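First comes the structure, then the notes that go with it.
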């Protein structure tokens, strides 16, 4: 509909912010463009053209593993710094 991927809609937590720093530059730039395009479509109350919708892959995960890794790292750091 709007061309977002599943990982684009993740809630902005500390782990997500850390994972965003770890993704490749082109993935980060593509994410920014997808979010801007989705906001534009939502504002205009329109959908993407059918030919663009046909090439979208919303379940192509690019950040989920990195978010899990960032959460694990944060948990380890919290455990190590606990008194």
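Residue numbers (my numbering): 1 to 83.
C-beta atoms are modelled at their ideal positions from N, C-alpha and C, and glycine is treated no differently.
This structure is a prediction, so every number in the text was calculated from the model and none was measured.
The straight-line gap separating the alpha-carbon atoms of residue 44 and residue 60 is approximately 26 Å. One alpha carbon belongs to residue 38, the other to residue 17, and they sit about 20 Å apart. Fewer than three Cβ pairs drawn from the segment 24–32 and the segment 69–81 lie within less than 8 Å of each other, which leaves the two stretches out of contact.
Residue 33 sits exposed, since fewer than 16 C-beta atoms from the chains shown fall within 10 Å of its C-beta.
Excluding sequence positions up to five before and after residue 41, its CB lies within less than 6 Å of the CB of 2, all in the same chain and listed in chain order.
Spanning the alpha carbons of residue 67 and residue 15 requires a straight line of approximately 6 Å. Scanning its chain for C-beta atoms nearer than 8 Å, with the 5 sequence neighbours on each side dropped, one finds around residue 4 the residues 34, 35, 38 and 58, in chain order. Between residue 46 and residue 62, the alpha-carbon positions lie close to 26 Å from each other.
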